[in-house]
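The block underneath contains the structure these notes are about, expressed in structure tokens.
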Amino acid sequence: MSSKLFERIYKVVSSIPEGKVATYGQVAALAGHPGAARVVGWALHSAPEPLALPWHRVISATGKSSLPERSARQLQRALLEQEGVRFDRQGRVDLATFQWQGHEPAPKAS
DNA sequence: AAGGTGACCAAGG
DNA sequence: TCCTTGGCCACCT
122 MSSKLFERIY
132 KVVSSIPEGK
142 VATYGQVAAL
152 AGHPGAARVV
162 GWALHSAPEP
172 LALPWHRVIS
182 ATGKSSLPER
192 SARQLQRALL
202 EQEGVRFDRQ
212 GRVDLATFQW
222 QGHEPAPKAS
């Protein structure tokens, strides 16, 4: 079994709602470990299949997929588009529109 | 025990 | 807007 941190990460990822995305850094922060964005990548890379996590809803802070293999990136994009997430011409997601606002403070209000 | 690696990120040029 | 650089943190030699 992996550390508590991994378990927290998996829990956060599994709570990302359909049609929304979260960044690695965001997941790390919500898991109680801000700054450990790379660990989130590692955790997902080594995530056991049985967990059936919505890993495709986790993308980089630039709005792009960070997956190393092209085929995997295409799959991620297909899964997201299927949920209503739209990509621009450069294959990026508009975070201002689709980023999950879990417990994060609202963008602004006044 | 020390150094390398990776599904990262923000700031500068 | 793209590329580079330094800093991050846990896992694996």
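In this note's numbering, each residue's number is its place in the first sequence (first place is 1) plus 121. Backbone N, C-alpha and C define an ideal beta-carbon position, used for all residues, glycine too. Owing to the predicted nature of the structure, the values given are computational and were not obtained by experimental measurement.
In angstroms with no decimal places, state the Cα-to-Cα distance between residue i and residue j.
i	j	result
threonine 218	threonine 183	13 Å
aspartate 215	serine 186	12 Å
valine 179	tyrosine 145	6 Å
leucine 151	valine 133	7 Å
glutamine 197	valine 161	17 Å
serine 124	glutamate 170	17 Å
proline 138	tryptophan 221	7 Å
glutamine 211	glutamate 190	17 Å
alanine 157	serine 192	26 Å
glutamine 147	tryptophan 163	15 Å
Can you tell which of the options has the C-alpha that lies nearest to the C-alpha of residue i?
i	options	result
alanine 149	Glu139, Ser192, Ser181	Ser181
glycine 223	Arg159, Ser136, Trp163, Phe127	Ser136
leucine 165	Glu128, Glu204, Gln211, Gln203	Glu128
alanine 168	Gln211, Gly212, Leu126, Trp221	Leu126
Tell me the DSSP bridge mates of residue i?
i	result
phenylalanine 208	Val214
alanine 143	Val179
glutamine 220	Val142
Can you list, in chain order, the residues of its chain whose CB lies under 7 Å from that of residue i, leaving out five sequence neighbours each side?
i	result
valine 206	Gly140, Val142, Val214, Phe219
leucine 172	Tyr131
proline 155	Ala149
glycine 153	Arg129
Might you give, ordered along the chain, the residues of its own chain that have their beta carbon closer than 8 Å to the beta carbon of residue i, omitting 5 neighbours on each side?
i	result
leucine 201	Val142, His177, Arg178, Phe208, Val214
leucine 188	Arg194, Gln197
arginine 159	Tyr145
Given a threshold of 16 other Cβ atoms within 10 Å of its Cβ, counted over all protein chains shown, does residue i qualify as buried or as exposed?
i	result
proline 175	buried
alanine 199	exposed
glutamine 203	exposed
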